[in-house]
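S.K.: The listed protein sequences correspond, in order, to chains A and B.
Here the first sequence stands for residues 5 to 248, where the numbers follow this note's numbering.
Here the second sequence stands for residues 590 to 983, where the numbers follow this note's numbering.
All C-beta atoms, glycine included, are put in the ideal place defined by N, C-alpha and C.
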Amino acid sequence: MIKVSNLYKSFGKVQAVRGISFAARDGEVTGLLGPNGAGKTTTLRMLYSLLPPHAGEIEVDGLNPIRDALAIKRNLGVVPDNRGLYNRLTARENIRYFGELHGMSHDSIRERLEDFARRLNMADFMDRRCEGFSQGQRVKVAIARAMVHQPRTVLLDEPSNGLDVMSTRELRKYILTLKGAGHCIVLSTHIMQEVAALCDRIVIIAGGVIAAEGTPPALLARTGRASLEDAFVDLIGTDEGLLA
Amino acid sequence: MNGILVVFRKEIIESLRDRKATFNSLLLGPLLFPLLFLGLAWFGISMQQERAEKPLRIPVVGAEHAPNLVAWLEEQGMERLPAVENPEEMVRRNDAEAIIRIPAGFGEDWQAGRPAPIEIIADPSRRETSVTINRVKGLVQGYSGQIGSLRLQLRGVSPELARPIRMVDVDLSTPKSRGMMVMIFLPYILMLTAFVGGLHLAMDSTAGEKERRSLEPLFLNPAPRWRIMCGKMLATTCFGFASLALTLISFRLTLPFLPIDQLGIELRISTQSIFTILLVIAPVTLLAAALLTLLASFARSYKEAQSYMGLVILIPVIPSMLFMTNPVKPETDIMWIPLFSQNLLIGEIVRGEAVPAVWLLASAGGTLALGLALAFIAANLYNRAGLIYSGMSG
């Protein structure tokens, strides 16, 4: 469960986030939808405690990302927009490294690795070095690395960027499994289809503020449009920076 | 604590898999430095010998003004070259190392018993000519002394009267301590190795990770950042130490091949001395790792880090340069100063002196203290958000 109220963040003179509030519930996928540069990544970085907000409150399962940074990290799985894999390590070593940093035992890490190999279909490249991996393989490693300690809350920044159709399908299936298991999932995206296929709630961000928030049917009803895309264009006034 | 070990192990594995970097930091130094050292020493020694033994071939201008002197010089083995038009120009162009010019008034002064002038035209700022110049001067002085003694004897005076003082050199330098003069570069090379060995790892594991954006997910783990930093710093230390140890071993193996027996120099470093030197410099590898990590976390990119590193490798040079031009006596007070103390201690060990334990402790203590202080600053840098997101747009 994530609660965000009245969040502000600026870099020098640029105000990236100007008063964002929303909530993300357990067992739901919440989508932060917005054009490039809307403030999605900045918001996520504040959620996962690497960037302190200038004003506003964040609560992740009742914890504050700045005051309880270490406690929050134990229950948070993050896939940043730059996957940041170690190219000279194998997929297995990448995942194991993070498991060890979480203080997990060797046995439980091995169990998780077997699980990932099956569920994310990673067996073929588990012991290859990440150098030269396809985008799809990289995202899988990044997700496995983020999920190795079975966090309750999952944050994904543009997870399907650069993925082919097959990988996108696998990724969506995995996210829906997580949702079914009761995880709280927040993903940022600028791809409409992703929102339509995955999200229970949509938070539309543009220019650092929230343009609209609600379930897809509610957003459609509010704008009187038949498709999410039209609704979105109505709500932020432009379709710039979006992918259908 | 286990966060530190986890990071340490990963950095070591990752670095060892980077073949080029491993070769550069672990093998290049140990292979190159002793070779360079051997080559330079061999070259220097043989050049000196060649100059000291090859026949002197000196142009003489105005030989007709002092035929006896010239005949004597030739008798001593100097080969006289014909007079040249413009001796100054010739020396300036480095066509001759030295030229003797005997002015027209030589004979007149000689006859009158006044010191007769003779000019040695040379350019001592060309250091390679110093052996030749000294040999020419020595010959002329020899003639001058001989004639002076004869003149006194002719007048019934003992030549001894003109030499109130007889200087005697009592040379206490042993073949071993003379070896030290050849060894003046050793501390410098070893200190440099301690710095350079971990250089690549420090840059790659901090500035490099930042550039490849893997620092962000790494900091999402519940390990305190100072532990992550310590792991990286220890890995850097480890590479520096390994590089140092390999260089010392390689020196131990190659030194016996230095052609120095001819110079009356004994240069043997026992295996035990090698160990002592390794122990003396070991704290420097930590200091170097802390400094490198600190600088690497300042840098926004690998490139920027590289530009700082050029300056870093000048640091171990400073004490060596200072001591080369301005030798200092080893004392307990100096032993607290990092890098300076190691420089002096290596010198003492190579000379075969017994080194007081207090010096070793002071040296290690001072160096470790500075290293830990730098590590502390680096740890604080690691805690800033700017470390990950500097140079990025939000």
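1. In the DSSP assignment, what are the bridge partners of A:Arg-22?
2. Quick check on DSSP: helix, strand or coil for B:Arg-646?
3. Under a CB-based cut-off of 9 Å, is A:Ala-185 close to chain B?
4. For a contact defined as C-beta to C-beta under 8 Å, what are the partners of B:Ser-714 on chain A?
5. For B:Ile-601, I'd like the list of residues in its chain whose CB is within less than 6 Å of its CB, leaving aside the five on either flank, ordered along the chain.
6. What does A:Gly-38 reach in chain B if we use C-beta pairs closer than 9 Å?
7. Between A:Ile-179 and the rest of its own chain, which residues show a CB-CB distance below 7 Å, the 5 nearest in sequence each way excluded?
8. The beta strand (DSSP E) that contains A:Leu-191, what's its start and end?
9. If you measure beta-carbon to beta-carbon, which residues of the region 90–106 of chain A are closer than 7 Å to chain B?
10. Do three or more CB pairs link the region 143–157 of chain A to the region 81–93 of chain A at distances below 8 Å?
11. Threshold first: 3 residues or longer. Then list the beta strand (DSSP E) segments lying entirely within the region 17–63 of chain A, N to C.
12. Give a yes or no on whether 9 Å exceeds the smallest Cβ distance from A:Pro-84 to chain B.
13. Are the beta-carbon atoms belonging to B:Ile-977 and A:Leu-159 less than 9 Å from one another?
14. Can you pull the chain B neighbours of A:Gly-23, defined as C-beta to C-beta under 7 Å?
15. Decide if A:Met-126 is buried, meaning its Cβ has at least 16 other Cβ atoms within 10 Å, or exposed.
16. Which of the three DSSP states is assigned to A:Arg-142 in this structure?
17. Alpha carbon to alpha carbon, what distance is there between A:Ser-25 and B:Gly-983?
18. Does chain B have any CB closer than 9 Å to the CB of A:Leu-80?
19. Runs of 3 residues minimum, wholly inside the region 70–136 of chain A: which ones carry the beta strand (DSSP E) assignment?
20. Measure the CB-CB distance between A:Met-170 and A:Leu-37 and report whether it falls below 9 Å.
21. Given a threshold of 16 other Cβ atoms within 10 Å of its Cβ, counted over all protein chains shown, does B:Gln-665 qualify as buried or as exposed?
22. Per DSSP, what kind of secondary structure is B:Arg-669 in: helix, strand or coil?
23. Between the alpha carbons of A:Leu-175 and A:Ser-164, how many angstroms are there, rounded?
24. Mapping DSSP to helix, strand and coil, what is B:Ser-982?
25. Verify the CB distance criterion: does B:Arg-801 have a CB-CB separation below 9 Å to chain A?
26. Can you tell me whether A:Asp-128 is buried or exposed, with buried defined as 16 or more other CB within 10 angstroms of its CB?
27. Any C-beta of chain B sitting closer than 9 Å to the C-beta of A:Arg-49?
28. In terms of residue numbering, what span does the alpha helix (DSSP H) encompassing A:Val-184 cover?
29. Answer yes if the region 646–656 of chain B comes into contact with the region 673–688 of chain B, meaning at least three C-beta pairs across the two stretches below 8 Å, and no otherwise.
30. Where does A:Arg-132 land, buried or exposed, given buried means 16+ other C-beta within 10 angstroms?
31. When burial is assigned at 16 or more other CB atoms within 10 Å of the CB, is B:Asn-932 buried or exposed?
32. Would you check if the distance between the CB atom of B:Leu-963 and the CB atom of B:Phe-887 is smaller than 9 Å?
33. In this structure, how does DSSP classify A:Lys-7 when only helix, strand and coil are distinguished?
34. For B:Glu-800, write down the residues that DSSP places opposite it in a beta bridge.
35. Taking the beta carbon of A:Ile-240 as the centre, do at least 16 other beta carbons fall within 10 Å, making it buried, or is it exposed?
36. Applying the 10 Å Cβ sphere with the 16-neighbour rule, what's the burial state of A:Pro-56?
M.R.: The relevant details are as follows:
1. Beta-bridge pairing links A:Arg-22 to A:Tyr-12.
2. strand
3. no
4. Residues of chain A passing the Cβ test: none, with the nearest at roughly 53 Å.
5. Ala-824
6. Those do not exist, as A:Gly-38 stays about 14 Å from chain B at its closest Cβ, beyond 9 Å.
7. Val-33, Ile-189, Leu-202
8. According to the DSSP assignment, A:Leu-191 belongs to the beta strand (DSSP E) that extends over 188–193.
9. Tyr-90, Arg-92, Leu-93, Tyr-101, Phe-102, Glu-104, Leu-105, His-106
10. Counting Cβ pairs under 8 Å, three or more are found: they touch.
11. 18–28, 33–37
12. yes
13. no
14. Think of a sphere of 7 Å around the beta carbon of A:Gly-23: no beta carbon from chain B falls inside it, the nearest being about 16 Å out.
15. buried
16. helix
17. Residue placement at B:Gly-983 cannot be trusted, given a pLDDT of 35 that sits under 50; the coordinates are not used to answer.
18. yes
19. 80–83
20. no
21. exposed
22. strand
23. 8 Å
24. Interpretation of B:Ser-982 is limited by its pLDDT of 38, a score under 50 that renders its predicted location unreliable; the figure taken from the coordinates is listed afterwards. Here B:Ser-982 sits in coil by DSSP.
25. yes
26. exposed
27. yes
28. Position check: residue 184 of chain A holds Gly in this sequence, whereas Val was assumed. Element bounds for A:Gly-184: 169–184.
29. yes
30. It is exposed - the Cβ of A:Arg-132 has fewer than 16 other Cβ atoms within 10 Å.
31. buried
32. no
33. strand
34. According to DSSP, B:Glu-800 bridges with nothing at all.
35. buried
36. exposed
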